[in-house]
Structures are given as structure tokens and as C-alpha cells.
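Notes follow the structure.
Residue numbers (our numbering): 144 to 399.
Structure, rendered in C-alpha cells:
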């Protein structure tokens, strides 16, 4: 019995469309978000045939835990292009492997984009409540101004608990959710976009790799010449599997 096809959420569809040049991967034409569907590069039908799935993964040099229903296998597509393609399983061709390799590199970016869309929807609900209160004259703009001014002068006045860390972007994080903290560990004398070394807080929700690196996010994302593989990529990806040409043997400890 075939399983039910994957139903995509709006954040997933937006992330796939936005992270892949907003073009139909099948016909290469520009694609409006309203017209975009999500296509599986390796067909979803493979999930119903384990032997065929493992054979295809082996042919393309993909790991056994490769997610058929994941950003590493999703691309934006016109609906009519998607239908014409159907559930064909392609024979091995280098061009398709290149497509899959590129998707795996962009998968983390797509996931972050989807999470950002979800966050913005939640934020819009909060703003809607505030705007409704303003329209009903339950609060005034001056009330908001006084609240924010007081908060910036002394966060405890606004009821911020003493065990909460206020990050540079203004978000609050309970200290118990901080996995690591300290000065940025980059090799620079002053951090990227700052006048000094930045004191950083790393939430437990971040990946182990990011916490272990201990880099200010701008330093982490800066493109630099890798001292290990000599290629140019993000400073935070030095030694990281799938990003660095000479990854650490021990990815957990980030050592050889």
C-alpha cells in the first residue's frame, strides 16, 4: 500500500522556492511563489521500495539516512512541469548528482529560511494584538514609547527576570538555556563588524558544532581562506564535514 504523499506547509514551500533561485528546476523559467510546487528530485515513491531506495542512494553516493522528504531533495517546480515529470526514477547521470550535491549544501539555509517564516508569522500575531489595542485606544503610542525607553534604561523595570540574558539582537534568553559563553574565539583582534572582541552567548538549541566553535555569528559567517584546505569558505566551516576540503577526523571534538 502506497503511503500518503507529503503535504507541504507554506514555510517549507517558501524556503524551497527562495533558496533555489526562485526558478523552476525542470524548465529553468522564473517561478512566482503562487505558482510554485515542491518537487522531489529522487521520487517519493522510493519510500515504498527500500531495496530500490538503497540502490539509488548508493549510485549517487548519498548516505543511507538521506532524507527523501527533506530540503536536500526538494526543488521548486511549476505544477505542469511537476506532473509531466511524474514519479520517474532517473538512471544515474552526473548532472543529477550535481543537483543533489548542491541541494545538500543549501539544505541548512533552506531550513533556517523556513524557521524564519514561522517566526515572522508568530511575530505578526503579536503585532496584530498591539495594533488592535492601539485602534481601540486601550494603549497609546506614548505608552509604548515609555515602556521601551524604560526597558532600555533598566530592563528590570519592564519585569525582565534577573536570570535572563538580553542578547545583542534584543531577544531574551533564560540563562539556563545558555550552553556556553565567552569572548569570540576568532583569530581577529576585533570581531567582524565590531570595535572589539565580542562577548558571546550560545544557546543550547544551537548545533554542537556552532557552540564548540565559539565564534561571534558574523565571524562565523565571514568567508575566509581556510588554513586546512586552502579553499575559501565560512570561517565557522573550517574542518567541518561536507564544507571543508580537509574535515577534522573527529567531528565531535573538532580535532584530528
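Each residue gets a CB set at the ideal place from its N, CA and C atoms; glycine is no exception. Source: prediction; values computed, not measured.
Measuring straight from C-alpha to C-alpha, what distance separates residue 321 and residue 369? 29 Å
Going by the CB atoms, is the gap between residue 169 and residue 224 shorter than 8 Å? yes
Please name the residue in 188, 158, 240, 183 whose C-alpha comes closest to that of residue 201. 240
Per DSSP, which residues does residue 179 bridge with? Please list them. 221
For residue 273 and residue 289, I'd like the C-alpha separation in whole angstroms. 15 Å
Collapsed DSSP secondary structure at residue 309 in the structure displayed: strand
Select from 221, 278, 342 the residue whose C-alpha is nearest the C-alpha of residue 357. 342
Taking C-beta to C-beta, are residue 177 and residue 253 nearer than 8 Å? no
Which residues in the same chain have their Cβ closer than 6 Å to the Cβ of residue 411, if we skip the five residues on either side of it in sequence? Outside the modelled stretch of the chain, which goes from 144 to 399, sits residue 411, for which no answer is possible.
Three-way DSSP call (helix, strand, coil) for residue 346 in this model: strand
Under the three-state DSSP convention, the category residue 169 falls into: coil
To the nearest angstrom, how far is it from the Cα of residue 378 to the Cα of residue 389? 14 Å
Same chain, Cβ closer than 7 Å to residue 185, five either side skipped, listed in chain order: 199, 211, 216
Compare the C-alpha of residue 207 against each of 194, 339, 332, 179 and name the closest. 194
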